[in-house]
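Order-wise, the sequence lines are chains P and G.
Each residue of the first sequence is one higher than the last, beginning at 1 in my numbering.
Each residue of the second sequence is one higher than the last, beginning at 1001 in my numbering.
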Amino acid sequence: EAQVTQNPRYLITVTGKKLTVTCSQNMNHEYMSWYRQDPGLGLRQIYYSMNVEVTDKGDVPEGYKVSRKEKRNFPLILESPSPNQTSLYFCASSPYSGSGELFFGEGSRLTVL
Amino acid sequence: DAKTTQPNSMESNEEEPVHLPCNHSTISGTDYIHWYRQLPSQGPEYVIHGLTSNVNNRMASLAIAEDRKSSTLILHRATLRDAAVYYCILRANAGGTSYGKLTFGQGTILTVHP
């Protein structure tokens, strides 16, 4: 089954404790991206990747890092999480095409205390 | 990157058609128009996309204005399961300078009444 898998789905952590949210897709997609969703602000793009070893900033990259060492994986790294990074995070992937449909993961709800 | 404008909310009755509008006056010639929807407690899901011509699929229809500065997502017979937030976004063709960046905005909250 074609899918984008995120882990963990839920996490409560404390300020400053490094964490990684993993994202994996099984569709051989070139494009992957991360979003955060906050009440009243909609979906905002954090980082995206056109292909392996190619990443770029979205609209809200501060406080986040990403890497794309393999085509299927695109982890989101919070080196020193802060309470303002409490949010619902979504990973998405698509073929490398403007007409390519985006496939989203189920989301990861992160709480930073 | 090109932006879209959608109404904050719309309401419909079950089994009636719904027309969800989207304005994208700064669209470029190679931008695709995509629609996604997000059901409560789920990730967004693809609905439909188009470039210039109207498109139909099993979920909906997409009507694109001749000048491409606006589009309308049409749900032919709304059901309670169609209650969701609907997002209209523009996606540049691969290789375009704004291909990777996507702006979703806040979308339109669709309420469907029984």
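Every residue gets a Cβ at the ideal spot worked out from N, C-alpha and C, and that includes glycine.
{"Item": "Run of the beta strand (DSSP E) containing Tyr1036 of chain G, from where it starts to where it stops", "Value": "Tyr1032 to Gln1038"}
{"Item": "His1019 of chain G vs Thr1072 of chain G beta-carbon contact at 8 Å", "Value": "yes"}
{"Item": "Euclidean distance between Cα positions of Ser1028 of chain G and Glu1045 of chain G", "Value": "24 Å"}
{"Item": "Cross-chain neighbours of Met154 of chain P in chain G, by beta carbon under 8 Å", "Value": "Because chain P is modelled from 1 through 113, residue 154 of chain P falls outside the range shown and cannot be assessed."}
{"Item": "Between the CA atoms of Pro1114 of chain G and Pro83 of chain P - distance to the nearest angstrom", "Value": "40 Å"}
{"Item": "From P:Thr15, P:Arg72, P:Thr111 and P:Pro39, residue whose alpha carbon lies closest to that of Ala92 of chain P", "Value": "P:Arg72"}
{"Item": "Continuous beta strand (DSSP E) stretch holding Thr1004 of chain G: start and end", "Value": "Segment: none, Thr1004 of chain G is in no beta strand (DSSP E) and carries neither H nor E."}
{"Item": "Cβ shell of Val1085 of chain G (< 6 Å), same chain only, five flanking positions each side left out", "Value": "Gln1038, Gly1107 and Ile1109"}
{"Item": "Asp56 of chain P at chain G interface by Cβ criterion, 8 Å", "Value": "yes"}
{"Item": "Expected contact under 8 Å - CB spacing of Gly107 of chain P and Gln6 of chain P to nearest Å", "Value": "7 Å"}
{"Item": "Neighbouring residues, chain P, relative to Gln1106 of chain G (Cβ below 9 Å)", "Value": "Gly40, Leu41, Gly42 and Leu43"}
{"Item": "Exposure label - Val14 of chain P; buried when at least 16 CB within 10 Å", "Value": "exposed"}
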